[in-house]
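Residue numbers (my numbering), protein chains in the order written: chain A, 3 to 228; chain B, 3 to 228; chain C, 287 to 517; chain D, 287 to 517; chain E, 13 to 249.
Remarks on the structure that follows.
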Amino acid sequence: MLRVDVSKQLGEFSVEASFASEGRVTGLFGASGAGKSSLINMIAGLLQPDRGVISIDGETLDNTAEHIHIPVHRRRIGYVFQDARLFPHLDVRHNLDYGRRMNRLADDPAARKRVIDLLDIGNLLDRRPGRLSGGERHRVALGRALLSQPRLLLLDEPLSSLDEERKEEILPYLMRLRDEAGIPMVYVSHDAAELRQLATEIVMLRRGRVTAFGGAEVLPPAVSPA
Amino acid sequence: MLRVDVSKQLGEFSVEASFASEGRVTGLFGASGAGKSSLINMIAGLLQPDRGVISIDGETLDNTAEHIHIPVHRRRIGYVFQDARLFPHLDVRHNLDYGRRMNRLADDPAARKRVIDLLDIGNLLDRRPGRLSGGERHRVALGRALLSQPRLLLLDEPLSSLDEERKEEILPYLMRLRDEAGIPMVYVSHDAAELRQLATEIVMLRRGRVTAFGGAEVLPPAVSPA
Amino acid sequence: MFDISPTEWTAIQLSLRVATVATLVATPLGIAVAWLLARREFWGKSVVDAIIHLPLVLPPVVTGYLLLLTFGRRGLVGTWLADHLGLVFAFRWTGAALACGIMSFPLLVRPIRLSIEAVDQRLEQAAGTLGATPWRVFLSVTLPLALPGVLGGMVLGFAKAIGEFGATITFVSNIPGETQTISSAIYSLIQTPDGDTAALRLVVVSVLIAMAALIASEWFAQRATQRLHGN
Amino acid sequence: MFDISPTEWTAIQLSLRVATVATLVATPLGIAVAWLLARREFWGKSVVDAIIHLPLVLPPVVTGYLLLLTFGRRGLVGTWLADHLGLVFAFRWTGAALACGIMSFPLLVRPIRLSIEAVDQRLEQAAGTLGATPWRVFLSVTLPLALPGVLGGMVLGFAKAIGEFGATITFVSNIPGETQTISSAIYSLIQTPDGDTAALRLVVVSVLIAMAALIASEWFAQRATQRLHGN
Amino acid sequence: QDKSLTVFAAASMKNALDELDAAYTAKTGVKITASYAASSVLAKQIEQGAPADIFVSADTDWMDYAIAKKSINEPTRINLLGNSIVLIAPKDSGVANVTIGQGFDLAKLAGAGKIATGDVSSVPVGKYAKAALEKLGAWDAAAPKFAMAESVRAALTLVARQEAVLGIVYATDAKVEPGVKIVGTFPANSHPPIIYPVAATTTAKTEAKDYLTFLQTAAAKAVFDKYGFSFLASPTN
Ligand SMILES: Nc1ncnc2c1ncn2[C@@H]1O[C@H](COP(=O)(O)OP(=O)(O)OP(=O)(O)O)[C@@H](O)[C@H]1O
Ligand SMILES: Nc1ncnc2c1ncn2[C@@H]1O[C@H](COP(=O)(O)OP(=O)(O)OP(=O)(O)O)[C@@H](O)[C@H]1O
Ligand SMILES: [Mg+2]
Ligand SMILES: [Mg+2]
């Protein structure tokens, strides 16, 4: 269970969000500038809430009243940033391996192969991020987060730079992760269709406030493409 | 008319594209890593083709046989980069104004207001890019390109980080630009629906090669969202 | 202890003038050289790089001597400058400034060069697409983004210029009111059997000047960084 | 002209040893200090910054005296180190290395600091989310990305260490085979009537050493930049 | 067993001492290590416990300083050498054969040019020059024309390069620089005697005595004479 009840001031913008999501995948939905990335940064521990509580499966990550703020590196999260943030000095192979090394996990060639094949980045392994296309970068970033064996996945529009075909391949994989591995996720997307497939609960954000919370029914109705 | 007939080697990847688009909006469609950004970079003059010709409305921009390579700053293009590339040291207002200043154009408050309102970035004018959300950044980048009064617009997935609602507002504006101002555009997108609305001609790219060229009919058939 | 004598005052003022002029004149040149080294490949680049570093590698006296041979009254460049521009360095404060400028040049160039190398070329490309000529790209994008390096280089250069005396004294000797800077005054005092107290006084003054320069530069740099990484 | 005498050979070897040891020992310290200045706010930060720059601002002779008073045989720190760690600086080559290290410290720190400041903190955040402790973030992200600055600082520092003699000669004197570096040898020769040819010979040697260091560092830097900005 | 001595000597003594040290080593097998620097620096280093056995100073002030600091074995002190100061001009200058005496107008002689010498407050040659000119009544007028160098050698260079029209340096230095000519010699009574004292330090090895004796031999005198120093001690064999 993911419990979030925080407030945070960022310049003139403020986030005041409170929800408790039981589901395995919490979808964050909202217009550009609604505060989705800010909220997810707080869950990651990169942004400290001014006030409030964040806990996951009963374990407190943040509690301003009790001065608890678990540092980022101990949260065991996998975060796919909106802007990829690959390490420019490491080739794709080492980017993918980074989380495993830092967490001192045993090598798992099978898992690695599965992720690499799924994302179709096998032929990029020796390249550095500077020479990847936009979509390739995001795929590698997704792979990097998945391979760090996180306890919680934070996905900030992980598929928005990808083509339909690719999305159709990756979404089912994420659904399997949700159902089989049971890794909880927070998934940010503008794409209602994506959220409908993946999210078990939806948080609607608008100007930093939660305006709706519930199942897929809170999403705007599907429109058929023009 | 946009004529492109180029080849370029990038590491192991090569682009060999040849097409002549009569239409006002040329849509570039293709999977991640197909070579869309590379092609558009050549049109912009940021990447020099190994061999070939690029011309727009009869004016040669590149001709390797005749050693012609018009430098970027004389091409009068507006380029919305896939990765925004806002100037981090300038606030939004000055980012928007940059192209006008560099081209020594007269100030046009009405045009500016129109673009700012359309993109809903009026309240961000005094902020620096470091404090913008992902979508806000892309909107400013779009505004910056539009306001430089370009002769050719190059749009590399300009809307992929925006929500449906926003897209629905901006697409019609781009259509108006196409129809009224008559500014030719090259438009990269993964979203077949977007291209169907905007593009008059479609170039399908696959592994650096043009696999189809024509009207909207070359796009994959519309699927209704799951 | 703080009764600074008139000669000392003159030395202090002179030091400030010499270091300021040296830094201000060297900075644009340093930026140009740093840009060339950071962004251009040309034949003889490592030779240029080596020449810039010479004043660091050679004992200052040697640099002073070389300056004397080149920019002195009988020096090749010196004669030309005197005849054509009326610019005389010998025994003038301008000579002290020249010596300080040359001695601090490597310290000025390196940080600027690093900062220019660190500027994201994709931003320069973006500026180009918006119609900026290479020169205006440099002025409006590269230079502002490299500002921390420019300030850093200027501080190092200024501090060095305040402390320099080996090359200066060899080139233009030590003439109170004309070429005697704080550093050469300190040096003279230290060579005198009971000059220690007076030397200490001047040491304190140089430290204060350097601190002021440092604090000013930090303040500018802070503002610059804020501009780059936030609102 | 190139019949280098045994004493001169000794001076050359000593210079290399002194400059190398000084640079290698100062670099980790310099990185630590640069990191503190770049990434931490603490009380007295500008004082630390000022102290680091002192050797640049003061005439080298003054720095040399301060070293003599502190680390000399009768100096407070000198006696303590000798008694407790058996580390003697006075009139030893280790003292020359200490003097060179201190004189080149500001030149080392500034470029490193600038490079660390330029590292995108969002990448460090990303490393944190992947489980890297702050220390490992520093080692695996910050430091490699700041490598050009580290190399740049090391080159400046090394070049300065080769050229330093004011503080060295004052602190540990000019004893052939123990503390006479190329630079102090050049200085002695310049002070001697008809020592010019010999001095010139040694000047050429220092220039060659510095050029080799520069070229090596450029080569490393090039590789580092390539690693950062391409394949 | 290797015997060795460390000599701390003023930089201007390098030529002569290097030659003598070689001779001494050949004769006795005692290795001499010489450290040349400014007398001021050496005096302070000896004060701080430098491993020096012998101190050769370029003037009496710093020897006195060292004695006052109890770092010199006072009874061993000998005023070994003397020197004279001369007026020099670039070798093709029109100035020649100046008689230096009471009423000597140095300022007029220099005209619009500069007069190079060592720093008058700290470098020994400068101190002697100033004293002499004051005695001769020429200082006040000439003072503004002085370019004070960091060492005798630097002053010499300024004249040789014709940056300065005149210079005041030691006779020993003027002799070896081909770019200058001596145009006058300051009378010995116009300034305090120019003396190079030598002494053993308080921590000196026993061999130091022998070395000091060697410096006073006729053989040593011959070498010092060659480099233009006047020998003040009475030579022994
Ligand atoms: N440091 C800051 N100072 C001021 N305002 C900020 C700061 N960081 C973010 N904001 C503002 O907060 C709002 C929410 O930003 P956030 O990045 O969370 O949006 P988002 O929902 O992720 O949007 P998008 O879909 O465009 O990425 C935006 O309007 C943004 O401009
Ligand atoms: N400098 C380079 N060296 C080697 N390969 C490169 C270089 N630049 C691009 N590539 C490769 O060329 C291919 C095309 O890249 P491009 O950026 O044009 O793709 P794209 O169609 O824009 O993809 P996306 O939709 O993911 O942005 C990619 O596979 C990329 O890895
Ligand atoms: Mg966002
Ligand atoms: Mg692309």
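For every residue, glycine included, the Cβ atom is placed at its ideal position computed from N, Cα and C.
DSSP, reduced to helix, strand and coil, places His339 of chain D within a helical segment of the structure shown. Judged by their CB atoms, Val347 of chain C and Thr465 of chain C are not nearer to each other than the 8 Å cut-off.
Distance check between Val436 of chain C and each of C:Ser401, C:Met389, C:Ser469 and C:Ser426 places C:Ser401 closest, using alpha-carbon atoms only. Scanning D:Arg509, D:Tyr473, D:Ile501 and D:Leu371 for the CA closest to the CA of Ala297 of chain D turns up D:Tyr473. Ser134 of chain E carries a coil assignment under DSSP once its states are collapsed to helix, strand and coil.
Distance between Ser426 of chain D and Ala108 of chain A, taken at the CA atoms: about 19 Å. By the neighbour-count definition (other C-beta atoms within 10 Å, threshold 16), Trp329 of chain C is an exposed residue.
The shortest C-alpha to C-alpha distance from Asp193 of chain B to any of B:Leu221, B:Val117 and B:Arg208 is the one to B:Leu221.
In the three-state reduction of the DSSP assignment, Tyr239 of chain E falls in the coil class.
For the C-beta of Ala336 of chain D, the chain C residues within less than 9 Å are, from N- to C-terminus, Val493, Ala496, Met497, Leu500 and Ile501.
If you check the C-beta of Gln84 of chain B against ligand 2, you find a heavy atom less than 7 Å away. The beta carbon of Ser459 of chain D is closer than 8 Å to those of Phe377 and Thr465 in its chain, skipping five residues each way along the sequence. Under a criterion of Cβ atoms nearer than 7 Å, the residues of chain D adjacent to Ile448 of chain C are, in order, Val343. Remark: C-beta atoms of Gly101 of chain B and Ser150 of chain B approach each other more closely than 8 Å.
The region 302-315 of chain C makes contact with the region 437-455 of chain C, as at least three CB pairs between them are under 8 Å. Chain-ordered, the residues whose CB falls short of 6 Å from any heavy atom of ligand 2 come out as A:Arg133, A:Leu134, A:Ser135, A:Gly136, A:Gly137, A:Glu138, B:Leu12, B:Gly13, B:Phe15, B:Gly32, B:Ser34, B:Gly35, B:Ala36, B:Gly37, B:Lys38, B:Ser39, B:Ser40 and B:Gln84. Asp52 of chain B has its Cβ no nearer than 7 Å to any heavy atom of ligand 3. Nearest in C-alpha terms to Arg180 of chain B, of all of B:Glu18, B:Gly25 and B:Lys169, is B:Gly25. Not a single C-beta of chain E is nearer than 8 Å to the C-beta of Ile472 of chain C.
Gln60 of chain E counts as buried, since at least 16 other C-beta atoms from the protein chains shown sit within 10 angstroms of its C-beta. Of all residues in the region 66-83 of chain A, those with a C-beta nearer than 7 Å to a C-beta of chain D are Val74, His75, Arg78, Ile79, Tyr81 and Phe83, reading in chain order.
Residues are counted here when their Cβ sits less than 9 Å from a Cβ of chain E; for the region 343-373 of chain C these are Val347, Gly350, Tyr351, Leu354, Leu355, Gly358, Arg359, Arg360 and Gly361, given in chain order. Judged by DSSP in its simplified three-state form, Asp59 of chain B adopts coil rather than helix or strand. The contact set of Ala418 of chain D on chain A, defined by CB atoms closer than 7 Å, consists of His75 and Met104 in chain order. Secondary structure in the region 121-168 of chain B: the alpha helix (DSSP H) runs of 4 residues or longer, each lying completely within the stretch, are 136-149 in chain order. Under DSSP, the beta-bridge partners assigned to Ser9 of chain B are B:Glu18 and B:Arg53. If you look at Asn91 of chain E, you'll find it in the beta strand (DSSP E) that goes Ile90 to Gly94. Runs of alpha helix (DSSP H) with 4 or more residues, each lying fully within the region 36-118 of chain E, are found at 51-59 and 72-80, listed in chain order. A direct Cα-Cα distance of roughly 13 Å separates Val490 of chain C from Thr349 of chain D.
Around the beta carbon of Thr225 of chain E, fewer than 16 other beta carbons sit within 10 angstroms, so the residue counts as exposed. A direct Cα-Cα distance of roughly 15 Å separates Gly138 of chain E from Ala186 of chain E. The beta carbon of Ser163 of chain B sits closer than 7 Å to those of Gly136, Gly137 and His140, all from its chain and outside the five residues before and after it, given in chain order.
Annotation: the continuous alpha helix (DSSP H) that includes Ala382 of chain D extends over Trp379 to Ala404. If you draw a 10 Å sphere on the C-beta of Glu196 of chain A, you find 16 or more other C-beta atoms in it, and that means buried. As summarised for the region 61-99 of chain B, the continuous beta strand (DSSP E) elements at least 3 residues long and confined to that stretch are 61-65 and 79-82, given in chain order. Burial check for Gln114 of chain E: the Cβ neighbour count within 10 Å stays below 16, so the residue is exposed.
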